[in-house]
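The structure under discussion appears below in the form of structure tokens.
There are 2 protein chains.
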Amino acid sequence: MHIYKRKQIAERVKLDATALEAVEAGFAALGRGEVEMPPILSMNIAESNGEVDVKTAHIRGWPRFAIKISPGFFDNPKLGLPSLNGLMLLFSAKTGLVEAVLFDEGYLTDIRTALAGAIAAKHLARADAHSVAVIGAGLQAELQVAALRLVRDIHEVHVYARDHTKAEAYATHMRAHHGLPVTVHTSAASACAEADIVVTTTPAREPVLRWSDLPRGIHVTAMGSDNPHKNELDPTILASADLVVVDRLSQSQALGELRHVPALQREVFELGSLIAAGRSLRSSAEQISVCDLTGTGVQDTAIANYAARLLEGV
Amino acid sequence: MHIYKRKQIAERVKLDATALEAVEAGFAALGRGEVEMPPILSMNIAESNGEVDVKTAHIRGWPRFAIKISPGFFDNPKLGLPSLNGLMLLFSAKTGLVEAVLFDEGYLTDIRTALAGAIAAKHLARADAHSVAVIGAGLQAELQVAALRLVRDIHEVHVYARDHTKAEAYATHMRAHHGLPVTVHTSAASACAEADIVVTTTPAREPVLRWSDLPRGIHVTAMGSDNPHKNELDPTILASADLVVVDRLSQSQALGELRHVPALQREVFELGSLIAAGRSLRSSAEQISVCDLTGTGVQDTAIANYAARLLEGV
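Heads up: the protein sequence lines correspond to chains A and B, in order.
In this text, residue positions in the first sequence follow the working numbering: the first is 1, and each later residue adds one.
In this text, residue positions in the second sequence follow the working numbering: the first is 1001, and each later residue adds one.
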């Protein structure tokens, strides 16, 4: 059994094309019906403003499955600790024996979450998309843009965050570390006006994006909502968009954007099914596409297997 | 963060009165409504005849919660490996940080399962119970008897197992290692005839015990069934017994004995509630009591906290 720490993992696993390929293979297997993926186990620890989620999935034929444990303790910053944490365990799918423990402290989750956004854009955004709007100014606001560069020739970034100071800091950081021109906006509408892709990366409990904010032809990825209380998209967006896609229907209905539009009467696709079918949904440069990502166990099994292969030097 | 292996853990954690007290405290907290315990996460890995269960619980006010991962891969014996395996992780209930990993390979599960049987008998069996019948001849057939000695003055054992050779081997082992007289029987009825307590410890998918097998005054603990396909007790037992108790109603209904009697119309108690209320259900030496144990996350959190305290020398 091997034990790996965050530093080792972060040195080997990068936001790059091979990592994207690994996560995309997970989505494709899900779309082909080759994945066993039980509902997320979730527990609240009210007295510490904490929660813990456990996700898992097995991809038929893969040698190992991962179990990911993600604690989120939101008073941690007061103690000088990060809110999010966690680890992944890799088990042999033949014997059930633990083969590796990845004490990644959430690093692999950050990576696979950013890659899912890139995979959504790869299959849904216009081929000539080059301008990204980001709502939110946290770590995913950075990683989503970095990941999008793997699938589209991104050369301008627009940011809007409720906290203007954080948006300014984000812009400075992105210019310095990613060499991208970044414009700070004072509204989501203004940030989206010039964008081909918009990614919402907030823990919002009320919509941060409205239908009227979206120019024709834009692709929207909503990656923030992952529990029943979170909600980034105004219901009119899901009702009015030309194309609506989610990572997993049952999850989006239980804890993603679909939860907030229970009466929605329209076809909603799963991202994995589109990939598996080699199907391009977008049929014109004018269509508005939306993808809601809640985060799935199959992404964890895919990235953990990929990380272990790199760490073992395979 | 501390990492402990099975050998270290087994050297410190024994089937004794303090371990029993720790697990009983978990049941009592559950009974007082002080436990957050989400449904079990369960995944099948059909191609390897495997499954993996994840259990957790947090006891309000306790410093740590455990997450237990239990793989069961039933073709492992063909490879010279045990079917059951697993580990427990202990997290700070204040910060969500991992504080200990107990690579116990199922040892602590064996212990807390045996202790639950003893706790059930402590609160339900006659005070003068001294004779135990065991149905099955595996590891729990041994541990359940050993644990019962913590709460009752057991001085005779009766065993019945479908495989007579295994029952004989069990008898030899119990005589040698526990100094107990053991009689091997050729039917469950005959084993129960002289017993004050009977424990079923099988993976049976059809009842191994019928109402007519039970003498007046006996206490029955059914500990084998822990998935929807398993079933040790004939429905007439649950319908006819004077007292019916389970570890957790929702679990017994989903994957324990109550699943097989959906139309049962009677009061069913939870073991923790009885302990919390200091309530003795048995009111006569003639009553027949039954307790169905499916195995709960609160037992895991209780035993893992206890084990870590011993290992850390607290």
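Even for Gly, the Cβ is constructed at its ideal location relative to N, Cα and C.
K1068/B in three-state terms, based on DSSP: Per DSSP, reduced to three states, the secondary structure at K1068/B is strand.
Spatial distance of V1013/B from I1154/B (CA atoms): Straight-line Cα distance between these residues: approximately 22 angstroms.
Continuous alpha helix (DSSP H) stretch holding F1027/B: start and end: Note, F1027/B: alpha helix (DSSP H), 1017-1031.
Sufficient close CB pairs (3 or more, under 8 angstroms) joining the segment 1001-1008 of chain B to the segment 257-271 of chain A: In this structure the segment 1001-1008 of chain B does not touch the segment 257-271 of chain A; the number of beta carbon pairs closer than 8 angstroms is below three.
CB contact below 8 angstroms: L97/A versus chain B: The beta-carbon of L97/A is placed less than 8 angstroms from the nearest beta-carbon of chain B.
Beta-carbon separation (whole angstroms), D1226/B vs C1192/B, contact threshold 8 angstroms: Not a contact, Cβ separation roughly 22 angstroms.
Inter-residue Cα distance where the pair is A222/A and I111/A: A222/A and I111/A have their C-alpha atoms roughly 16 angstroms apart.
Per DSSP, cross-strand counterpart(s) of F74/A: According to DSSP, F74/A bridges with nothing at all.
G1272/B - DSSP class collapsed to helix/strand/coil: In this structure, G1272/B counts as helix in the three-state DSSP scheme.
Top-ranked residue by Cα proximity to E51/A, from E1051/B, R1205/B, L1264/B, E1036/B: It is E1036/B.
Beta-carbon gap between I218/A and L148/A smaller than 8 angstroms: Result no, Cβ atoms of I218/A and L148/A do not sit closer than 8 angstroms.
At least three beta-carbon pairs within less than 8 angstroms, the segment 1240-1250 of chain B to the segment 1285-1295 of chain B: Here the segment 1240-1250 of chain B lies against the segment 1285-1295 of chain B, with 3 or more beta-carbon pairs under 8 angstroms apart.
Within-8 angstroms CB hit, M1043/B to chain A: Cβ-Cβ to chain A under 8 angstroms: yes for M1043/B.
Chain-ordered chain A contacts of S1048/B [CB-CB under 9 angstroms]: Listed by position along chain A, the residues whose Cβ is nearer than 9 angstroms to that of S1048/B are S92, A93, K94, T95, G96.
Short Cβ contact (8 angstroms threshold) for L1311/B with I1045/B: The criterion of a C-beta distance shorter than 8 angstroms is not satisfied by L1311/B and I1045/B.
Whole-number beta carbon distance between D1234/B and M1088/B, since they are thought to touch under 8 angstroms: The pair is not a contact, with the Cβ atoms about 34 angstroms apart (cut-off 8 angstroms).
Status (buried if at least 16 other CB within 10 Å, exposed otherwise) for D1315/B: Any answer about residue 1315/B is impossible in this case: the structure gives chain B only from 1001 up to 1314.
Short CB-CB distance (under 8 angstroms) between H58/A and chain B: By this cut-off, H58/A is an interface position.
D110/A in three-state terms, based on DSSP: Helix at D110/A.
Local conformation of M1088/B per DSSP, three classes: If DSSP states are grouped into helix, strand and coil, M1088/B belongs with the strands.
Assumed close pair V1151/B, V1134/B - CB separation to whole angstroms, cut-off 8 angstroms: About 16 angstroms; that fails the 8 angstroms criterion.
Burial state of G61/A, where buried means 16 or more other Cβ atoms lie within 10 Å: Exposed: under 16 other Cβ atoms inside 10 Å.
Status (buried if at least 16 other CB within 10 Å, exposed otherwise) for Q1140/B: Its Cβ being crowded by 16 or more others within 10 Å, Q1140/B is buried.
Expected contact under 8 angstroms - CB spacing of G1256/B and T1294/B to nearest Å: The Cβ separation is near 4 angstroms, so the contact holds.
Buried or exposed by the 16-neighbour rule on C-beta atoms within 10 Å, applied to Q1265/B: By the 10 Å Cβ count, Q1265/B comes out exposed.
Where G1117/B falls: helix, strand or coil (DSSP): The three-state reading of DSSP puts G1117/B in helix, counting H, G and I together.
Minimum C-alpha distance to I1067/B - residue among I1275/B, P1228/B, I1059/B: Comparing Cα positions, the closest option is I1059/B.
Closest Cα partner of T95/A within the set Y1306/B, P1181/B, S1083/B: The shortest CA-to-CA distance from T95/A to any of Y1306/B, P1181/B, S1083/B is the one to S1083/B.
Closest residue to F73/A among E1267/B, H1178/B, S1092/B (Cα-Cα distance): Cα-wise, what sits closest to F73/A is S1092/B.
Short Cβ contact (8 angstroms threshold) for V1329/B with A1137/B: Coverage of chain B is limited to positions 1001 through 1314, which leaves residue 1329/B absent and any answer about it impossible.
Under 7 angstroms from the C-beta of P38/A: neighbouring residues of chain B: Correct list: L1041, S1042, M1043.
Closest by C-alpha distance to E1024/B, when choosing among G1313/B, N1305/B, V1314/B: When each option's Cα is compared against that of E1024/B, the closest is N1305/B.
Where K1166/B sits in the DSSP three-state scheme: The answer is helix: DSSP assigns K1166/B an H, G or I state.
Proximal chain B residues relative to P327/A, where beta-carbon distance stays under 9 angstroms: Lying outside 1 to 314, the shown extent of chain A, residue 327/A is not represented and no answer is given.
For S131/A, three-class secondary structure by DSSP: DSSP places S131/A within a strand segment (E or B) once states are collapsed to three.
CB-CB length for L238/A against V208/A, believed under 8 angstroms: Wrong, their Cβ atoms sit about 14 angstroms apart, outside the cutoff.
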